[in-house]
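This report refers to the structure that appears directly beneath it.
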Amino acid sequence: MKRVHQVLMGLAAVGLLFNVVVYGLYAANLIQFPFDYDQGEGFELVDTVMFSQFKLPYLNTEQYPFYSSNYPPVYHIIAAPFVPLFGAQYWYGRLLSFLSTLVTAGAIAYAVYRAQPHRGIALFAGLAFLSSNTVYHIGPLFRQHIFMVMFETLAVVVLAYAFPRRSWRGLLLGAILLIAAGYTKQLAAITAASILVWMFVRQPRRAFLWGLGFAAGGALIFVLLNVASSGEWWRQAIVANTGKIDPLQVFDLFKLWWHLHGFLIILAVIYVLYETYIGRWSLYTIWFLAAAGLGGAASGTWGGGDSYFSTSIAALCLLSGIAAARFVNQGWTFTPRWSKPIERFLQNQRVHAVVLIVIPLLYLGYARATLKMPTDGPVFGPLAQILGVNATYEGRFFDSATYDVGGYAHIGHMVTPQDTAAGWQIVDLMRQTEGLVLSEEAGFVLAAGRQVITNPTQLKNLETAGLFKGTELIEMLENREFGLLVMRGQLYPSEVLRAMGTHYDWTDTILMNGFEYQIWYPKSATRSRDGLPHTQP
Amino acid sequence: MPDIRDPEPIFESRPLWRFLHPDFSFSKRQIGLLLLLVGAAGFVLLLLLDVIGMGHEGGYGPAQRAGLGFFAAVGLLGLSLIPLGESPA
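So the sequences go chain by chain: X and P.
Each residue of the first sequence is one higher than the one before, counting from 1101 in the numbering used here.
Each residue of the second sequence is one higher than the one before, counting from 71 in the numbering used here.
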């Protein structure tokens, strides 16, 4: 039986490692791409450039250049030293994000091993995080979300041991990591709340005192940012970030979360039930429940999506890893008298033999459920045929998750030289344009050496929150002061889009990464498809 | 004759003081009661949302139904923990 277990463990390792290799190839491919792969990356690069110039990106969007960030600063500050060395480039931000996922996976593996020593399962838990479709999507992006997950995971792993042991050094480190998570992205508030709840259940008085210190540290930074930005931090990063939740999107994303991670969710739920009724709640359990419940609910907001599950996926990998290691090691402890029959059942040799088969099969099933891979090329083409997977994207990429779910990121495929050429084509159009240019993605504007004007999604956030007027921007559009507009998703507020539609004409479409980039010129000097300008009334 | 009084009798006799003791930890029964209370209060409040005029539209929307389900689950979880007594939560 031990032999069968070892073979199955080997197969599970191959499956998970294959997914991680594909993830590495995707990251290597994306790191070289000089434009936005995911809408919004360019604006995070703009924030990074501003921090490198010691400027805050929280600005009044009613005044030219109508730009503001809605994200906290930590990720951009960490990336900022690269700007003077290499200029405004995507690769270092993407590399930082990718490395942060490796750190998170390492922290998960460490936490599993420390809770229940089993090297193979600890390794599986870390690889399972990297194997997740959600982590795969956002891991190598110039986005701050996955960096937040790293800080959250590190804070949880540190505090899970520091709090019961009353280690003040550990508590201080945990607080710093948690504040860093919160000032990387606001969603870390869920992790902070789950930590406080767990501490409260364990020792209310110490939880109150630690919470007070933590809140004071966080509040001090908050006030400093708000004062330094003349109140724009509060308006742009807090008030404008409260959107309505679409229940259908939440339901669909929960279904997808289960569809992709179900094999591990089963293990995690067993562990939650064990701690609830037989053991005692660990921080990991409270974190998992809060991250899955609240993070999942928040995924239904505009601008949310499957990435909002990434914290719960970290917690899920950690919890399922501990459960799996306990099953394999027979490491469960059953103290209550009523639970002794369960203990005897699990100690039965036949039952344990089944466990030794089921656990690696769960990880193997998970590796298959989260499979994504290119389906063309000399290696992946034949491999896809052997594995029996058909492309789900443009005949060249397979993603086990469906693209039909609202809020699921339509990314993950490799970029091609044609995509890069298409990006430079847009940059050339900008360089040829006299006057200002307006783009829904900042990468083209930065490459063309033009000034980045406004951040469409932030204007939309402000409109949703009832804080957008846009008088000056709309006036500039009506006066046709922009020589060129580049649109991808019509992400601007409705009044801005109306002004664009009235005073500009859509003349060309350039395809990049599977998305249509619309080229719009002012009506007075619209260019036809042959590139020659013509005049309209 | 040495003084053999309980050094901290107040913590045993008064629940509030006990709660503030540095070594106090919630038991499964206490957490169960707390969750039952939260679940019941949340459930009733959500039911009354339309009665007290805070509901935007008539009837129960999907968010309200999800909320009712959530609070019912919290209450039931609390109820199931109460028989587990003084073992730490």
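Even for Gly, the Cβ is constructed at its ideal location relative to N, Cα and C.
What you are looking at is a predicted structure, and each value in this text was computed from that prediction instead of being measured.
Setting aside the 5 residues that flank it on each side, X:Val1104 is surrounded in the same chain by Leu1456, Ile1457, each with a C-beta closer than 8 Å to its C-beta; the list follows chain order. Listed in chain order, the positions of the region 1359 to 1385 of chain X with a beta carbon within less than 8 Å of a beta carbon of chain P are Thr1376, Tyr1377, Arg1380, Trp1381.
By the CB criterion at 9 Å, X:Ile1345 and X:Leu1416 fall outside the cutoff. Of all alpha-carbon atoms in X:Arg1306, X:Leu1367, X:Asp1499, the one lying nearest the alpha-carbon of X:Leu1461 is that of X:Leu1367. Counting only runs of 4+ residues, the alpha helix (DSSP H) found wholly inside the region 1382 to 1468 of chain X occupies 1383 to 1390, 1410 to 1429, 1440 to 1447, in chain order. Ranked by how close their Cα comes to the Cα of X:Asn1119, the residues X:Leu1353, X:Phe1480, X:Leu1584 have X:Phe1480 in first place. Residues of the region 1336 to 1350 of chain X whose Cβ lies closer than 9 Å to any Cβ of chain P, in chain order: Ile1345, Pro1347, Leu1348, Val1350. Separation of the CB atoms of X:Asn1233 and X:Leu1360 is rounded to 6 Å, and the pair is thereby assigned contact status at 8 Å.
Non-local beta-carbon contacts of X:Gly1313 in its own chain, meaning distances under 8 Å to residues more than five positions away in sequence, involve Ala1275 in chain order. Under the Cβ distance rule, P:Asp120 does not count among the residues neighbouring chain X, no pair being separated by less than 9 Å. The C-alpha of P:Ala133 lies about 11 Å from the C-alpha of X:Val1350.
In chain order, Met1514, Val1515 place their CB closer than 8 Å to the CB of X:Asn1129, counting only its own chain and leaving out the 5 sequence neighbours on each side. Proximity of X:Gln1303 to chain P, defined by a Cβ-Cβ separation below 9 Å, is satisfied. Here X:Met1576 carries a helix assignment [DSSP, helix/strand/coil]. A Cβ of chain X is located within less than 9 Å of the beta carbon of P:Ile101. In terms of beta-carbon proximity, P:Phe96 lines the interface with chain X, with at least one pair separated by less than 9 Å. About 39 Å separates the beta carbon of X:His1452 from that of X:Gln1485, a gap too long to meet the 8 Å contact definition. Straight-line measurement puts the Cα of P:Asp93 at about 50 Å from the Cα of X:Tyr1126.
In the structure shown, X:Phe1568 falls within a coil segment according to DSSP collapsed to helix, strand and coil. Inter-residue distance for X:Pro1556 and X:Thr1342 is about 16 Å (C-alpha atoms, whole angstroms). Closer than 7 Å at the C-beta level to chain P, one finds no residue of the region 1262 to 1273 of chain X. Between X:Thr1385 and X:Gly1395, the C-beta gap is not smaller than 9 Å, which leaves the two residues out of contact. Excluding its 5 nearest sequence neighbours in each direction, X:Ser1382 has C-beta neighbours in its own chain below 7 Å: Ala1260, Glu1375, listed in chain order. With contacts defined as CB atoms closer than 9 Å, X:Phe1300 and X:Leu1277 fail to qualify as a contacting pair. When only Cα atoms are considered, X:Arg1306 and X:Ala1207 end up about 26 Å apart.
Excluding the 5 residues flanking it on each side, P:Ile101 has same chain C-beta neighbours closer than 7 Å at Leu151, Ala159, in chain order.
By the Cβ criterion, the region 1216 to 1223 of chain X is not in contact with the region 1164 to 1176 of chain X, since fewer than three pairs of Cβ atoms, one from each stretch, lie closer than 8 Å. Residue-level contact by beta carbon holds for P:Phe89 and chain X, with a gap shorter than 9 Å.
Annotated three-state conformation of X:Gln1525 is helix, per DSSP. The shortest CA-to-CA distance from P:Glu156 to any of P:Ala143, P:Ser97, P:Gly139 is the one to P:Ser97.
X:Ala1599 counts as buried, since at least 16 other C-beta atoms from the protein chains shown sit within 10 angstroms of its C-beta.
One finds Val1301, Arg1302, Thr1376, Arg1380, Trp1381 in chain X with Cβ atoms closer than 9 Å to the Cβ of P:Ala159, taken in chain order. In the displayed model, P:Ser95 falls within coil according to three-state DSSP, outside both helix and strand.
Spanning the alpha carbons of X:Gln1551 and X:Asp1147 requires a straight line of approximately 13 Å.
By the neighbour-count definition (other C-beta atoms within 10 Å, threshold 16), X:Phe1154 is an exposed residue.
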